[in-house]
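Enquirer: Have a look at this one.
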Amino acid sequence: MPLILYDMPRSGHAHRVRLLLSILDVEYEQVMVDMPNAEHKSAEYLKLSPLGQVPTLVDGDIVITDSTAALVYLAKKYAATNWLPEDPAGAAAVQRWLSAASGELYRSVVQARAGRQFHREVDFERAEAEATRLFNWMQSELDQGTWLAADHATIADLAMYSYLRVADEGELDLAGYPAIIRWLADVEKLERFEPMVRSQAQP
134 MPLILYDMPR SGHAHRVRLL LSILDVEYEQ VMVDMPNAEH KSAEYLKLSP
184 LGQVPTLVDG DIVITDSTAA LVYLAKKYAA TNWLPEDPAG AAAVQRWLSA
234 ASGELYRSVV QARAGRQFHR EVDFERAEAE ATRLFNWMQS ELDQGTWLAA
284 DHATIADLAM YSYLRVADEG ELDLAGYPAI IRWLADVEKL ERFEPMVRSQ
334 AQP
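Just add 133 to wherever you are in the sequence shown, counting from 1, and you've got my numbering.
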């Protein structure tokens, strides 16, 4: 029985999971969630994902409603130790960036994009300040190595990639961060890479 991914194309959270599924060459069933028409708030969907979030990954009786948790699950399920190191230091390095994807990245790039593209109420000044701190940190890290958490790509890179690829949709400029731009291109060279879907401004 194939995995089921409840998906929304323009969601960077969902793209992280699609990207790893593609790279691992895992067969799955894709179920689109009509978020503009509030399908994610329906009683049926809330049974799967009590917070009404996308993506949701279903593997038989196992239901995972967090994108970074889904990355960990898939790496463990398919014994992809190159994507999630087993040694303590390597695992901790990956976890730091998974936390950043849910923290610093969310408070900056994700929020700015949500405000510009989906007309959410956002403190743009705060989001832009958070983005500057995040970009400076990433630039410093990527000046020292090709990838974020190891000497090869890991789920840390996939967790951070999706929203950074569309940072301009939040009117955030990466032009002053050449190492980040180089890293984005390196992610896009991975075998079976699947691109992030860009948004159109919502009415």
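C-beta: ideal position from N, C-alpha, C; glycine also.
Whose C-alpha, out of Asp192, Ala247 and Ser295, is nearest the C-alpha of Leu231?
Expert: When only C-alpha atoms are compared, the closest one is Ser295.
Enquirer: Can you list, in chain order, the stretches of the alpha helix (DSSP H) that have 4 or more residues and sit fully within the segment 205–244?
Expert: Whole alpha helix (DSSP H) segments, 4+ residues: 221–235.
Enquirer: If I'm right that Met141 touches Val187 with Cβ under 8 Å, what's the distance once you round it to whole angstroms?
Expert: With 8 Å as the limit, Met141 and Val187 qualify as a contact, their Cβ atoms being about 5 Å apart.
Enquirer: Can you grab the Cα-Cα spacing for the pair Met112 / Ser332, in whole Å?
Expert: A query on residue 112 cannot be resolved here, the shown segment of the chain reaching from 134 to 336 and no further.
Enquirer: Does DSSP put Leu153 in a helix, a strand or coil?
Expert: Looking at Leu153 - three-state DSSP - the assignment turns out to be helix.
Enquirer: Using beta-carbon positions only, say whether Ala289 and Leu323 come within less than 8 Å of one another.
Expert: Their beta carbons are not under 8 Å apart, which means Ala289 does not touch Leu323 by this criterion.
Enquirer: Name the one or two DSSP bridge partners that Ile313 has.
Expert: DSSP, once it has assigned bridges, lists no residue as partnering Ile313.
Enquirer: Rounding to the nearest angstrom, what Cα-Cα distance links Phe257 and Met134 in this structure?
Expert: Their Cα atoms are separated by approximately 44 Å.
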